[in-house]
Amino acid sequence: MAKNVKPRVKVPKTAAKGEIIEIKTLISHKMESGQRKDNKTGEKIPRMIINKFTCTYNGVEVFSADWHPAISTNPYMAFNTVATESGTLEFTWVDDEGSTYTKSAKITVQ
Amino acid sequence: MTQINTPQDPQRRSLLIGLGAGGLAVVGMTLVPRAVLANPEDVKMAIEERIGDAATMDGRISLELPQIAENGNTVPIAFEVDSPMTESDYVKVVHIFAEQNPLPDVASFYFTPRSGKARASTRMRMLKTQNIVAVAEMSDGSVYMAKTEVKVTIGGCGG
Amino acid sequence: MRWRPIAVVLGFGLFIGAYGAVLAQGDGKMAKYFVGDLRTGYTFATPETQAIQDDDFANPAFLWVDYAVELWEDPSGDAGKACSDCHGAAEDTMKGVGARYPVYNAELGKPINLEQRINKCRVDNMQAKAWKYESRELLGMTAYVKSQSRGMPVQVQIDGPMAPFYEKGKAFYFQRRGQLDMACANCHEGNAGNMIRANLLSQGQSNGFPLYRLKWQKLGSLHRRFRGCNKQVRAAPYGYGSDEYVNLELFVANRGMGLPVETPGVRM
């Protein structure tokens, strides 16, 4: 597990059925690109990035992304989904070491 | 953060242009290539890998990037693809590429009809001034492409 | 609003820059970042960078603040006390506090800044170890406490026992130093909005610190910024939390008196 990895998500608490809602996520991660060299040793610092982000809504995948080393440190991701029913949105980040970070948020759809 | 930059007021815009015209000349002289960079040819190959030999069309994608990025570490990027996002007609995936980064790939975003809109935003690294390319694959197999240039200043006084 | 064509010449030995730049006066959403002739670093940022600060969710500094919210409740020292045991809810008790720092500490007979106040609390009252300067903990807690004063005007005491320290800070600000023989004032007095090589100069205001710099890709303290500036003019930097920098912090805060606390800001 990488150190100090902390996800944040912002999902509206309530929404009207059929409304397109915006979801924002942020996670603390170095996103080591694999392109940098250690100033002291001159050795390449191995790549260590989050390479996959997924959002499920009551278990169904509604959005996902593949990230490459060009994604910035502390990656931010905003996207949309249709509020279909009350339930849970689950967010998953997976890094190069296979570590998985998750966060979930509840939504009430009227 | 729009393709055609619309700052709060004309003065702001002038300032940015001033920064671009003057600042970039200086940056250009001091910038030393640190790695073998991707180039438009690599991006072309990366696109082919993703979409095969499908023809790409212009339009439908609006790519939102600053004209000038004041720091290449964190450049906001957003896009929206014009689509009804229904079961029968939606955007499947949008790939982003960078022409002058060490690697051409930036990210791929997978949408579903439940996305509502084919819109996403994130932040990316840019090693230098370059074109950013977005390629959108629709559910009917058609492919659209858009390209925007971003000028990157190596700014930020002080360590 | 007015045009201000400029031709600033700041010799870095290598290149002399002369660029047109404009000082936009505040209007609309920008107005709160202008107070008289003072303007915060926010007004020099691009709209994209401003947008990151405008949205507390998009602002990555809140990754540190979120962590501090947890630490606030964490009884980490031998006294078994958390910040909240004495101070309750930060939203109530810390409101306005960050806007007043540095303050005079009678016990030490000198001013201390917010970082030092937090650590003094940890050592004296919580019997916990002081957090290191620039640690995730100290940056986060400083930003969390100071952010409770967001929008409130910066107002520090410079008279009474603070007077000699203010004078020292002022002297530091105007003292040329380093191989480039430049004082803080050479860049930040009368040159705001001008370019120094590829860098846009601001007024050097401190009301957004600790802040997230795109260049650092993390939250950083005002003293880190001071050190960066000092190194930039090829001068030996002073230590984090050194008396020299606390005095300078006092002078700089007073120089920006009335500007709203923006912590945690976002800058290039």
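Chains as they are written, first to last, in the working numbering: chain A, 1 to 110; chain B, 1001 to 1159; chain C, 2001 to 2268.
Built from N, CA and C at the ideal position, the CB exists for glycine as well.
For Leu2222(C), is the classification buried or exposed, using 16 other Cβ atoms within 10 angstroms of its Cβ as the cut-off for buried?
-> buried
Please name the residue, chosen from Ala2099(C), Ala2235(C), Ala2128(C) and Ile2196(C), that lies closest to Ala2183(C) on a Cα-to-Cα basis.
-> Ala2235(C)
When the Cα atoms are used, what is the spatial distance from Pro2264(C) to Ile20(A)?
-> Distance from the CA atom of Pro2264(C) to the CA atom of Ile20(A), rounded to whole angstroms, is 30 Å.
Taking C-alpha atoms, which residue in Glu2048(C), Phe2057(C), Thr2043(C) and Asn2254(C) lies nearest to Thr1074(B)?
-> Minimum Cα distance to Thr1074(B) is reached at Glu2048(C).
Fully enclosed by the stretch 2081 to 2156 of chain C, which beta strand (DSSP E) runs are 3 residues long or longer?
-> 2103 to 2105 and 2110 to 2112
Since Leu1130(B) sits in a beta bridge, which residues does DSSP pair it with?
-> A small correction: the amino acid at residue 1130(B) is Gln; Leu does not occupy that position in the sequence shown. Gln1130(B) pairs with Val1150(B).
Just mark Thr88(A) as buried or exposed, buried being the case when its beta carbon has 16 or more other beta carbons within 10 Å.
-> exposed
Determine the extent of the beta strand (DSSP E) in which Asn80(A) is found, giving its start and end residues.
-> Tyr76 to Val82
Minimum Cβ-Cβ distance from Asn1177(B) to chain C less than 7 Å | Here chain B has residues from 1001 to 1159 only, and residue 1177(B) is not among them.
Glu90(A) - containing beta strand (DSSP E), residue span | Gly87 to Asp95
Closest by C-alpha distance to Gly2208(C), when choosing among Ala2128(C), Leu2180(C), Arg2227(C) and Gly2098(C) = Gly2098(C)
Do you know how far the Cα of Ile27(A) is from the Cα of Ala2192(C)?
-> 34 Å
How long is the line joining the alpha carbons of Asn80(A) and Ser1115(B), rounded to whole angstroms?
-> 5 Å
Residues in its own chain within less than 8 Å of Phe2062(C) by CB, not counting five upstream and five downstream?
-> Asp2056 and Pro2264
Identify the residues that DSSP records as bridge partners of Phe1097(B): which are they?
-> The partner list for Phe1097(B) (beta bridge, DSSP) reads Asp1105(B) and Val1133(B).
Closest to Gly2258(C) by CA distance: which of Glu2189(C), Ala2031(C) and Leu2038(C) is it?
-> Measuring from the Cα of Gly2258(C), the nearest candidate turns out to be Leu2038(C).
Contact set between Pro1066(B) and chain C, taken where Cβ atoms lie within less than 7 Å = Thr2046 and Glu2048
If you draw a straight line from the C-alpha of Val62(A) to the C-alpha of Ser2084(C), how long is it?
-> 40 Å
Quick one, which residues of the stretch 46 to 77 of chain A are near chain C if we go by CB-CB under 7 Å, in chain order?
-> For the stretch 46 to 77 of chain A, residues whose beta-carbon sits nearer than 7 Å to a beta-carbon of chain C comprise Thr73, Asn74 and Tyr76.
Take the Cβ of Phe2174(C) as the centre, count every other Cβ of all protein chains shown within 10 Å, and call the residue buried at 16 or more, exposed below.
-> exposed
Could you name the residues of the stretch 2058 to 2069 of chain C whose beta carbon sits closer than 9 Å to any beta carbon of chain A, in the order they occur along the chain?
-> Per Cβ criterion, the list reads Ala2058, Asn2059, Pro2060, Phe2062, Leu2063, Trp2064, Asp2066 and Tyr2067.
Buried/exposed call for Leu2108(C), threshold 16 Cβ in 10 Å = Leu2108(C) comes out exposed.
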